[in-house]
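K.L.:
Here it is: the structure, laid out below.
Residue numbers (the numbering used here): 124 to 199.
Here is the structure:
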């Protein structure tokens with residue numbers, strides 16, 4: 124199934140657009156050191172067909188990664 128990513132979505136979000144519902148692809152997910160932090164944190168690399176951006180996943184959504192619903196290659 125072909126999915127069209129939303130070109131320039133990352134630039135729009137960085138410019139303050141909070142109303143769009145873009146489709147981006149997860150290129151990478153890394154667990155960030157939990158040292159003194161009580162919750163695990165995940166850093167994701169997102170791609171919109173034009174550019175990429177690192178983003179931190181809200182801890183409330185960690186189950187999406189641990190359950191496998193969001194993984195490398197996922198469209199979100």
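Glycine included, C-beta positions come from ideal geometry on N, C-alpha and C.
Model, not experiment: these values are computed from the prediction.
Could you name the residues of the same chain whose beta carbon sits closer than 6 Å to that of residue 150, not counting the 5 residues immediately before and after it, in chain order?
P.N.:
Within the chain shown, numbered from 1, the residue matching residue 150 stands at position 27. Around residue 150: 168 and 170.
K.L.:
Here's a check: name, in chain order, each residue in its chain whose Cβ is nearer than 8 Å to the Cβ of residue 175, leaving out the five neighbours to either side.
P.N.:
Along the chain shown, read from residue 1 onward, the residue named residue 175 stands at position 52. Contacts found: 133, 150, 168 and 169.
K.L.:
What are the start and end residues of the alpha helix (DSSP H) that includes residue 134?
P.N.:
By 1-based counting over the chain shown, the position of residue 134 is 11. It spans 132-137 - the alpha helix (DSSP H) in which residue 134 sits, taken as one unbroken run.
K.L.:
Are residue 182 and residue 164 close, meaning C-beta to C-beta below 8 Å?
P.N.:
Numbered from its first residue, the chain shown carries residue 182 at position 59. Numbered from its first residue, the chain shown carries residue 164 at position 41. Yes, these two residues count as a Cβ contact at 8 Å.
K.L.:
Expressed to the nearest angstrom, what Euclidean distance is found between the alpha-carbon atoms of residue 130 and residue 144?
P.N.:
Stepping through the chain shown from its first residue, residue 130 is reached at position 7. Stepping through the chain shown from its first residue, residue 144 is reached at position 21. Their Cα atoms are separated by approximately 12 Å.
K.L.:
Hey, could you find the ends of the alpha helix (DSSP H) residue 187 is sitting in?
P.N.:
Taking the first residue of the chain shown as position 1, residue 187 is located at position 64. Looking at the DSSP string, the run of the alpha helix (DSSP H) that includes residue 187 is 185-189.
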